[in-house]
Structure formats: C-alpha cells, structure tokens
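Report on the following structure.
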Amino acid sequence: MKGPDCEIIRDLLPDFGAGSIAGEEGGMVEAHLGSCPDCRRELEVILALREARPEVPPEVEARIQARVREEMTRDRTAGAGEVPGETAGIIPILGRLRLIPVWAQSAAAVVILALGVSAIWNARDPDLVQDPTVVASQELLPEAWLWDDGMVAGAPVFDGLSDEDLEALLEEFEG
Amino acid sequence: MKDKSLTKPLPDEDLVDRARAGHLEAMDELVSRHHGSVYRVALGILRDEDGAADVAQETFLKAVRGLKGFRGDASFKTWLLAIAANEARGVLRKAGSRKELALDRIGPVPSAEASVDDTLERAEDVSRVRALLSELPEKQRQAVTLRIFEELSFREIGGIIGSSEGAARVNYHHGIRRLREMLG
Numbered sequence: 001m002k003g004p005d006c007e008i009i010r011d012l013l014p015d016f017g018a019g020s021i022a023g024e025e026g027g028m029v030e031a032h033l034g035s036c037p038d039c040r041r042e043l044e045v046i047l048a049l050r051e052a053r054p055e056v057p058p059e060v061e062a063r064i065q066a067r068v069r070e071e072m073t074r075d076r077t078a079g080a081g082e083v084p085g086e087t088a089g090i091i092p093i094l095g096r097l098r099l100i101p102v103w104a105q106s107a108a109a110v111v112i113l114a115l116g117v118s119a120i121w122n123a124r125d126p127d128l129v130q131d132p133t134v135v136a137s138q139e140l141l142p143e144a145w146l147w148d149d150g151m152v153a154g155a156p157v158f159d160g161l162s163d164e165d166l167e168a169l170l171e172e173f174e175g
Numbered sequence: 176m177k178d179k180s181l182t183k184p185l186p187d188e189d190l191v192d193r194a195r196a197g198h199l200e201a202m203d204e205l206v207s208r209h210h211g212s213v214y215r216v217a218l219g220i221l222r223d224e225d226g227a228a229d230v231a232q233e234t235f236l237k238a239v240r241g242l243k244g245f246r247g248d249a250s251f252k253t254w255l256l257a258i259a260a261n262e263a264r265g266v267l268r269k270a271g272s273r274k275e276l277a278l279d280r281i282g283p284v285p286s287a288e289a290s291v292d293d294t295l296e297r298a299e300d301v302s303r304v305r306a307l308l309s310e311l312p313e314k315q316r317q318a319v320t321l322r323i324f325e326e327l328s329f330r331e332i333g334g335i336i337g338s339s340e341g342a343a344r345v346n347y348h349h350g351i352r353r354l355r356e357m358l359g
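Going down the list, the protein sequences come from chains A and B. Its first residue numbered 1, the first sequence is counted upward by one per residue in the numbering used here. Its first residue numbered 176, the second sequence is counted upward by one per residue in the numbering used here.
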C-alpha cells in the first residue's frame, strides 16, 4: 500500500517537530520518516530552525504589561461608570458626568428645567400665552377682552386702562 | 482581591472578553502569552532588538485601544501578529531602510546545564542558521519563521504577510528548500 506522499508529510513536519501532533497522524508521519531520507533531512532543518528561534529579552514582558496597564487604567478613569462593551450612546456620557462637580450639575439642571418649561409654554397656542402685561399695552380689539372660555382677561389687563376706558367698559357690560 | 478563576488557563477568547471589560489581569495574561511571538515577528522584519521591543509594546497598546472592535474573525494571536507586522513595516518605511543588526548577530540564550563546549557549538550552529535565514527573501523568511517559530497555519500566515493561504504555503516550502540547500 502506498503511504502519504512527501507533500502532505512536509506540511505537517513543523507541527511534528514542535511535538504538537500525535496519535494516528503522528504515527503516519513517523512511519513516513522511517522510509524517506529526504523528509528526515527536512525535519533536521526544521529542528535546527527551532533551536535558532530568538529569545525575548526578559524585561520586555514586564515593560509591556506596565504600559498596557497604564493605558487601561487611564481609559477606565476617563470612562468611569462606563458599561463594558458600550461605545456609543448616552451611557458613556452619563459616566463622564460623574467627573463634573455636584454644584455645576445642579446649576445645569436648573437651567435645563427652565428652558424646558419655557419651551413647553411657548409651544402652546400663542394667542393664549401672551404675557397679559404685553397684551394690555397693545391696541385692544373687542375680541381680545374675553378668553376662549368666556372668562374676562386677568387683572393686569384692567391695570393698563384709564378711568374713562374702564367706565366705558363697565357701561358696555351693563348695556 | 485576585480573581481565582484566572489561575486556570482560560482560552484567549475568554481573556479578551475580560480585558475588554477592563480586567487588567486578563490583559497581563494575554501579554504574557503572546509578547514573544509579537516580538519575534517585529524582529524578523526590523532586525533590531530595541526596535522590536518598541514595536511589541506599541502593538499591545494598539490592541488595547482596538479591543472593542475586535470581532474574533481571526484568532487573537493572528490579529496581534498582523498588527505587529504592519507596525514594524511602518517603522521600516519611516526609517527608509533596514537596520544593520541582522538576526545572525542576535546571541543565543545559553542553557544553564550545557557545558561550555556545547554552548559554543550550539551558538555557532544557531548563528549559522540565523545568518542563512536572513538571506531568504522577505516573504519566504516570514513564512518560514511564522510556521516554525510561531506554529501558525498557512491560512494565518497568509493573513499576516498579506497573501493567500496557497501563496504562504509556496513561500514556506521555497524557503525551506533554500535553507536545506544552503545548510548542505
């Protein structure tokens, strides 16, 4: 029976030389080497190369570890509170907020709240949200005296009227 | 407190997950496992020990920064070695030419138990092999060293040297054949 050819064995020789193949495959390589001087010679070259593998200077590992730790610690400090695996969205922002002083966060919250209330107020029907004191200073049209629900506009409106205008208004109501 | 689960040999994938979550000891272990391969890949390209150490450090820093983007399509080791090879080539490009220190000038580490004669003989053999290795064309030399020093598959080697799996195999076999001829 014909055994595996040299091409297959030579692909496996580096692993065989490293002792990382065994069992049936290892037995196949050994059997082939027993009958093939050419592949045996190649294994010798591979083993000589393994001997020539450069060693790493001993200080390199510790130096890299120290530098990598420094980098990771810096990242962690910068992203305090960051949820692992999150790289985008509001979560990293919330983490970084912890670095801002409480007083600054409180001030920012008040400003945001004020802006929010203002935005909601302005989003309502502009006819209903005008400042009454402004309304009073404008030329008043008859329909502006009453709100949509039939209520008379507030006191500031009357504050801006002269005595004559107020009397005329009362007469109009009574009439 | 030290995480006792790290005393068991975890696969790289698990260590990468932990390192991604900021676990310093997991990253220490990954450095411990792979710094030698990273250093040798850089050394094979730069042929300069100090430069290789710098590239090895930069490689791990880049890996840490890019860890969240590492999807595991290749093994962590292959990914690292590809970073190292790119980094070393970048250093070479900046330098404009190869450094003078060749692989054959890097001294062997003597065994503590070897006799003086054995050590000298081994040192001579090692120097000769390294000298011959450094004469190979770059891709052949990389294919040979990655296959024999790092025990990578041809597919992984192709990914690192920027060629197909088949081309990596051809480069390896050509390199070995030339070394056989030169060693006599």
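Cβ coordinates follow ideal geometry from the N, Cα and C atoms, glycine included.
Problem set entry | chain B contact residues for M72(A), given Cβ-Cβ distances below 7 Å | Near M72(A) (Cβ distances below 7 Å), the residues of chain B are G197, L199, M202, V239.
Problem set entry | CB of E262(B) within 7 Å of CB of E224(B), strictly | Result no, Cβ atoms of E262(B) and E224(B) do not sit closer than 7 Å.
Problem set entry | Whole-number beta carbon distance between A18(A) and D300(B), since they are thought to touch under 8 Å | Not quite, the Cβ-Cβ distance comes to about 19 Å (not below 8 Å), so this is no contact.
Exercise. Any Cβ of chain B within less than 7 Å of the Cβ of P58(A)?
Worked result: no
Exercise. Counting only beta-carbon atoms, is E188(B) nearer than 7 Å to chain A?
Worked result: No, because no Cβ of chain A sits closer than 7 Å to the Cβ of E188(B).
For this session: From the DSSP output, in three-state form, read off C39(A) for me.
Result: Looking at C39(A) - three-state DSSP - the assignment turns out to be helix.
Exercise. Which chain A residues sit within Cβ distance under 9 Å of A228(B)?
Worked result: Within chain A, the residues near A228(B) are V56, P57, E59, V60, R63, I64.
Problem set entry | Three-state secondary structure assigned by DSSP to H348(B) | helix
Exercise. Among R355(B), A260(B), L242(B), which residue has its Cα nearest to the Cα of L321(B)?
Worked result: The option with the nearest alpha carbon to L321(B) is A260(B).
For this session: Note down, one range per segment and in chain order, each alpha helix (DSSP H) of at least 4 residues found wholly within the stretch 302-351 of chain B.
Result: You should have 313-323, 329-336.
For this session: Take the Cβ of D203(B) as the centre, count every other Cβ of all protein chains shown within 10 Å, and call the residue buried at 16 or more, exposed below.
Result: Result: buried.
Exercise. Residue range of the alpha helix (DSSP H) that G265(B) falls in?
Worked result: 251-270
For this session: Closer than 8 Å by beta-carbon distance: list the chain A residues that pair up with R322(B), in chain order.
Result: P14
For this session: Check the Cβ-Cβ distances between F235(B) and every residue of chain E, and say whether any is below 7 Å.
Result: In the structure shown, chain E does not exist; the protein chains are A and B.
Exercise. To which residues of the same chain is A249(B) closer than 8 Å at the C-beta, ignoring the five residues directly before and after it?
Worked result: A257, E331, G334
Exercise. According to the Cβ coordinates, are V60(A) and A228(B) closer than 7 Å?
Worked result: yes
Exercise. Do V206(B) and F235(B) have their C-beta atoms within less than 7 Å of each other?
Worked result: A contact, by the Cβ cut-off of 7 Å.
Exercise. Is the beta carbon of I46(A) less than 7 Å from the beta carbon of L13(A)?
Worked result: yes
For this session: Kindly say whether I46(A), judged by its beta-carbon, lies nearer than 7 Å to any beta-carbon of chain B.
Result: The beta carbon of I46(A) falls within 7 Å of a beta carbon belonging to chain B, placing the residue at that interface.
Exercise. Roughly how many whole angstroms lie between the Cα atoms of L199(B) and P184(B)?
Worked result: 16 Å
For this session: For chain B, find out if any of its Cβ atoms is closer than 7 Å to the Cβ of L49(A); answer yes or no.
Result: For L49(A), the nearest beta carbon of chain B is closer than 7 Å to its own beta carbon.
Exercise. Using a Cβ-Cβ distance under 7 Å, would G211(B) count as near chain A?
Worked result: At a cut-off of 7 Å between beta-carbon atoms, G211(B) makes contact with chain A.
Exercise. How many angstroms separate the CA atom of F251(B) from the CA atom of R69(A)?
Worked result: 19 Å
Exercise. Name the chain A residues whose beta carbon is nearer than 8 Å to that of I335(B)?
Worked result: None at all; the shortest Cβ gap to chain A is about 16 Å.
Problem set entry | V68(A): contacting residues in chain B (beta-carbon distance under 7 Å) | M202, V206, F235, L236, V239
Exercise. What distance in whole Å lies between the Cβ atoms of R215(B) and F324(B), which are believed to be in contact at a cut-off of 8 Å?
Worked result: 6 Å
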